[in-house]
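Following: one structure in structure tokens, then a few remarks.
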Amino acid sequence: MLYHQRVRAFSYVFALIALALAAMPAKAQESSLIDSVTSQLGISSEQANAALGTLFNMAQTSMSSGDFGQLSDIVPGISGMMGSAPKVESSAAGSLLGGLGGDLGAAAGNLDILNQSLSALGLDPKLAGPLVNSLYDYVQSEGGQALLTSLKDSLGLPF
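In mature numbering (1 follows the signal peptide of the UniProt record, and there is no 0), the protein residues as written are -28 to -1, 1 to 131.
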């Protein structure tokens, strides 16, 4: 009887360890994206989360649901990032450029929103390019070229 209790206890411990290990890669991926952005841009993890959230909010509006689902799969915690993004609206200049329509208008509007978001986070809008390129590098590495192309097309940013 004692033998069976020990085997059962060992099974529970093993199951808990397996669950913990299964959760680790997702956290490591999230950390690798945030760590990359914070180290490359010299910003806090809170700022990185919110700035990336702005990009993910923009991407969600124009990516197909399948592509955005793939993006969500490689970016654990994406919904939290999106929720932490500052609430900004396109400025009058961005709205005028957005009125041009097509890719140019969308790109101008998205760039305006990103710049306002960075400013709201206390960051220099000049960090927009390095931020976007860090995200592109991550998506290329974790999701492949097709997903990267979809993300770039959806954001329409000049980076």
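Ideal Cβ placement from N, Cα and C applies to all residues, glycine included.
Pick out whichever of the options has its Cα sitting closest to the Cα of residue i.
i, options, result
"Y108", "D96, Q88, V47 and A22", "V47"
"P130", "K59, N82, S36 and N29", "N82"
"V111", "Q42, Q88 and L86", "Q42"
"G55", "Q117, N87 and E18", "E18"
"G25", "K98, S122 and I85", "I85"
"G52", "I6, D125 and L99", "I6"
"A100", "A80, Q117, T33 and D45", "A80"
"G60", "I50, G49 and N29", "Looking at the sequence shown, residue 60 is not Gly but Val. Checking every option, the nearest Cα to that of V60 belongs to N29."
"G14", "K124, D125, G116 and K98", "K98"
Output yes or no for whether 7 Å exceeds the beta carbon distance between residue i and residue j.
i, j, result
"A22", "L127", "no"
"S89", "P58", "yes"
"S91", "M35", "no"
So residue i is in the alpha helix (DSSP H); what residue range does that whole segment cover?
i, result
"D39", "S37 to I46"
"K124", "Q117 to L127"
Rounded C-beta distance between residue i and residue j? I'm assuming under 8 Å.
i, j, result
"L119", "D39", "6 Å"
"V9", "S106", "5 Å"
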